[in-house]
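S.K.:
Residue numbers (my numbering), protein chains in the order written: chain A, 51 to 359; chain B, 10 to 248; chain C, 219 to 517.
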């Protein structure tokens, strides 16, 4: 596989994490324009862990995810009473605050005669773990997709579990959920934490792949993109956001002649799509119908039919 | 005056109106009774143009209303006093009435009608600069009726005017309805309060689960045992 | 003390432009109950149109202003037709995200046509600053303040003395009832959008003329400032928009004076966040209501 393809695929995998992060919150009925904040926290935290504290990659990524999850849960508490529009803008405000805080954040350590670490607006260079440890591009790609697959497995378990039902209940109608005895607040904070962790993993992977992050990357554009992926690809399944990522990065990125017009096309596409399918391509209805069709053609049923006179 | 044929209105897959047909004759009060969820409000909203039916027709003196925007339907002379009144809360009583005359251009006529409303509804006159959101339920109901009347409608639709009001206020509302009837206004009234409706309406329909299940005079309604038990709460001794 | 008053004065000036931006924003929100994230970018389209004719044809400030406003209005109508008109009542989220998608589209389109980071704008009043005692006031800033006050007053007159204004207030009060009294809601909404975009266009022109340049970040800047000012003042409140803008301007000026410009922006966002958490209705707006099926419509 050539380097360019590996690069695109890695990109798709990493962005999927932040798309899934926004998706978790969408499930509970909330829009977040701010998941990039936790992506950033994951990037910085894991970068600091491996580059400054010499932790192994796994520990660094876990630390990044944990830090992001904790931050997300912490922010989730004061914003519990906010809904819809107000919540969305609060997430925007928070994410921009984080970005500006990172521009003021300096934490440098002398390593081998060189200053390494986050340096405000200059960013955080030399997150060289994968190079120092001879992990090549393909191996990293595998890592990304192993983590992504595990995440998708987690989602499929979630969809079947009581927790998943509770999330969707809260997303449909929070007051009704509360009246049914669900402690909605606690679950929303949990959802926020999960979403934060996902974004944090993505951020950690991103930081190590590109070896350099700066606050400017984690802007509103990133946040709203991650939201748009779920809304385009569909909210019926975790594969929906991935479909959205694939459409944006995969199709538009690789068709070179689109390059200068990518946002014009993507933007227009999103607008038109939202008119026709406000819940995305793979929305709940489509997913249910696919499920029904699948079960109808399952080998078990065919066998039953053959047994009939 | 109003002829509804085979009207079907649906919310997604759920049909709220399953082929409703009825006629509203001019110059009198026709009442539609029915339990909650029967589709009465859906019918009103469809006539007013807020909802679009899947099938069927609504003709006002022969002119088709289906497919027209709500504003055009008002222009045709139909005014709806909606369920839950829906006054403009941040506007004063006076401004609400003015809004009711939105499509009219005759300033003198509007002024005159305004005064007429204050005479007919003295409580509104007392509160003409008060914000509509701060009025009591009964006062809001008066306002909603007055606002609808400001457009000088040919057909007045009223969706559950007695909803949520105390008995004394309900009596007042129906007094007004009777007054309007006396003045010759054509009224299509949706009600759950069958007792009060029986005192003013000249023709009755009953709607259950999206279908019309009764079409007749007040006398026939009072005679029908099933309806007696279900909606009028009385039971006639079987002879 | 002099510094304090000077900063407050400067804050009022820049705050008046924030107020105008918030005015347009809040008008759209009040009427449509949805947030238009393409607001800043549509103003930017107008602004770029203005700078284009200035650079290419040396157009006069009046022409530049007129085109800036016209461009903003046209872009606003485009956004309304694509992102808001076709959506049903429940699609507030879809509209908001759609408007963001068009934000990206408009920004990239503008940058493609005019790729440099910054372009010149004709100055509003190229004279020396006025001195009011020990305090310095720039004439173009003063014009901005006067324009903001005039536009707000004009807005008030429009809303309370014209038929169109009555229609808008009816829609803001209760959209279904507005239909029922015969307001042509779709046309009125389009009109509100055009009006809001026009006000934004004027605000944008004033800011850029005072700055004498327009940068590619302008769309984002206008949206964010307008958003913060609107939320502080209270969503859907017109006097709130102006008040929020002035307040934001003053706080920003003081913040910048004592802590520098990065912290200034940080303070602005923090203000927004705190406002939302503590008092989401803002200074003059209503507290948000929860949509739920449980109680019929609102909790």
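Glycine residues also receive a C-beta, built at the ideal position from the N, C-alpha and C atoms. Since the model is a prediction, treat every value here as computed from it, not as a measurement.
1) Beta strand (DSSP E) containing residue 155(A): first to last residue?
2) For chain C, find out if any of its Cβ atoms is closer than 8 Å to the Cβ of residue 53(B); answer yes or no.
3) Can you tell me which of the three DSSP states residue 435(C) falls into?
4) Pull up the DSSP beta-bridge partners for residue 27(B), would you.
5) Is the shortest distance between the beta-carbon of residue 136(A) and the beta-carbons of chain C less than 8 Å?
6) What's the C-alpha gap between residue 413(C) and residue 68(A)?
7) Take residue 257(C) as the anchor and find which of 233(C), 294(C), 269(C) has the nearest alpha-carbon.
8) Just how far apart, CA to CA, sit residue 96(B) and residue 296(A)?
9) Do you know offhand how far residue 335(A)'s Cα is from residue 288(A)'s?
10) So, at 8 Å on beta carbons, what are the nonlocal neighbours of residue 193(B) in its own chain, with the 5 sequence-adjacent residues on each side left out?
11) Hey, could you find the ends of the alpha helix (DSSP H) residue 52(B) is sitting in?
12) Return the residues of the region 363–381 of chain C that lie within a Cβ-Cβ distance of less than 7 Å from chain B, sorted by chain order.
13) In chain order, what residues of the same chain have a beta carbon less than 7 Å from the beta carbon of residue 218(A), not counting five sequence neighbours either side?
14) Can you check the region 38–111 of chain B for any beta strand (DSSP E) of at least 3 residues that lies completely inside it and give the ranges in chain order?
15) For residue 77(B) and residue 472(C), what's the separation of their Cα atoms in angstroms?
16) Can you say whether residue 349(C) is buried or exposed, counting buried as having 16 or more other CB atoms within 10 angstroms of its CB?
17) DSSP has residue 33(B) in a bridge; who is on the other side?
18) With a cut-off of 8 Å, does the C-beta of residue 287(A) fall near any C-beta of chain C?
19) From the DSSP output, which residues share a beta bridge with residue 164(A)?
20) Out of curiosity, what's the CA-to-CA distance linking residue 150(B) and residue 359(C)?
21) Residues of the region 311–324 of chain A with a CB closer than 9 Å to any CB of chain C: list them in chain order, please.
22) Taking 8 Å as the CB-CB cut-off, is residue 387(C) touching chain B?
23) Could you check whether the region 82–97 of chain A touches the region 218–234 of chain A, counting it as contact only if at least three pairs of C-beta atoms, one from each stretch, sit closer than 8 Å?
24) If contact is defined by three or more beta carbon pairs under 8 Å, each pair taking one atom from either stretch, is the region 147–166 of chain B in contact with the region 56–75 of chain B?
25) Can you give me, in chain order, the residues of the region 118–129 of chain A that have a beta carbon less than 7 Å from any beta carbon in chain C?
26) How long is the line joining the alpha carbons of residue 461(C) and residue 452(C), rounded to whole angstroms?
27) With a threshold of 16 other CB atoms inside 10 Å of the CB of residue 513(C), please say whether the residue is buried or exposed.
28) When you compare the CB of residue 181(B) with every CB in chain C, is at least one pair closer than 8 Å?
29) Quick one, are the C-beta atoms of residue 386(C) and residue 377(C) less than 8 Å apart?
30) Give the secondary structure of residue 219(C) by DSSP, where H, G and I count as helix, E and B as strand, and everything else as coil.
31) Which value, in whole angstroms, describes the spacing of the CA atoms of residue 264(A) and residue 172(A)?
32) Between which residues of its own chain and residue 112(B) is the CB-CB distance below 7 Å, once the five residues before and five after are set aside?
33) How about residue 80(A) and residue 144(A): are their beta carbons less than 8 Å apart?
34) List the residues that DSSP assigns as beta-bridge partners of residue 217(B).
35) Relative to the C-alpha of residue 53(A), which candidate in 318(A), 192(A), 129(A), 187(A) has its C-alpha closest?
36) Is it buried or exposed, residue 190(B), if we count other Cβ atoms within 10 angstroms and call 16 or more buried?
M.R.: Here's the rundown:
1) Premise fails: residue 155(A) is in no beta strand (DSSP E) and is neither H nor E.
2) With respect to chain C, the C-beta atom of residue 53(B) has no partner C-beta closer than 8 Å.
3) Residue 435(C): coil per DSSP, three-state reduction.
4) DSSP, once it has assigned bridges, lists 17(B) as partnering residue 27(B).
5) Closer than 8 Å: yes.
6) One alpha carbon belongs to residue 413(C), the other to residue 68(A), and they sit about 37 Å apart.
7) Minimum Cα distance to residue 257(C) is reached at 294(C).
8) Our two residues, residue 96(B) and residue 296(A), have alpha carbons roughly 49 Å apart in a direct line.
9) The straight-line gap from Cα to Cα measures roughly 14 Å.
10) For residue 193(B), same chain residues with a beta-carbon under 8 Å away, outside a window of 5 residues either side, are 36 in chain order.
11) Where residue 52(B) is concerned, the enclosing alpha helix (DSSP H) stretches over 49–56.
12) When C-beta distances to chain B are compared with 7 Å, every residue of the region 363–381 of chain C stays at or above that value.
13) Taken in chain order, the residues that qualify are 77.
14) Runs of the beta strand (DSSP E) inside the region 38–111 of chain B: 38–42, 64–69, 87–90.
15) Roughly 56 Å between the two C-alpha positions.
16) Classified as exposed, residue 349(C) has fewer than 16 neighbouring CB atoms from the shown chains inside 10 Å of its CB.
17) Residue 33(B) is bridged to 11(B).
18) Between residue 287(A) and chain C, the shortest Cβ-Cβ separation is not below 8 Å.
19) Residue 164(A) is bridged to 161(A).
20) Rounded to whole angstroms, the separation of the alpha carbons of residue 359(C) and residue 150(B) is 50 Å.
21) The residues in question are 311, 312, 313, 314, 315, 316, 317, 318, 319, 320, 321, 322, 323, 324.
22) Put simply, the CB of residue 387(C) is near chain B, with a gap under 8 Å to one of its CB atoms.
23) They do not touch, by the three-pair rule.
24) Three or more Cβ pairs closer than 8 Å define a contact, and the region 56–75 of chain B meets that threshold against the region 147–166 of chain B.
25) For the region 118–129 of chain A, which is checked against every Cβ of chain C, the residues closer than 7 Å are 128, 129.
26) As the crow flies, the alpha-carbon of residue 461(C) is around 9 Å from that of residue 452(C).
27) Any reading at residue 513(C) is ruled out, since the residue's pLDDT is 45, under 50, leaving its predicted position unreliable.
28) The beta-carbon of residue 181(B) is placed no less than 8 Å from the nearest beta-carbon of chain C.
29) Judged by beta-carbon spacing, residue 377(C) lies within the 8 Å limit of residue 386(C), meaning their Cβ atoms are closer than that value.
30) When DSSP states are grouped into helix, strand and coil, residue 219(C) belongs to the coil group.
31) C-alpha of residue 264(A) to C-alpha of residue 172(A): approximately 6 Å in a straight line.
32) The answer, listed in chain order, is 83, 84, 160.
33) Taking the C-beta atoms as reference points, residue 144(A) is found no nearer than 8 Å to residue 80(A).
34) For residue 217(B), which the question treats as bridged, DSSP gives the partners 220(B).
35) For residue 53(A), the nearest C-alpha among the options comes from 187(A).
36) It counts as buried.
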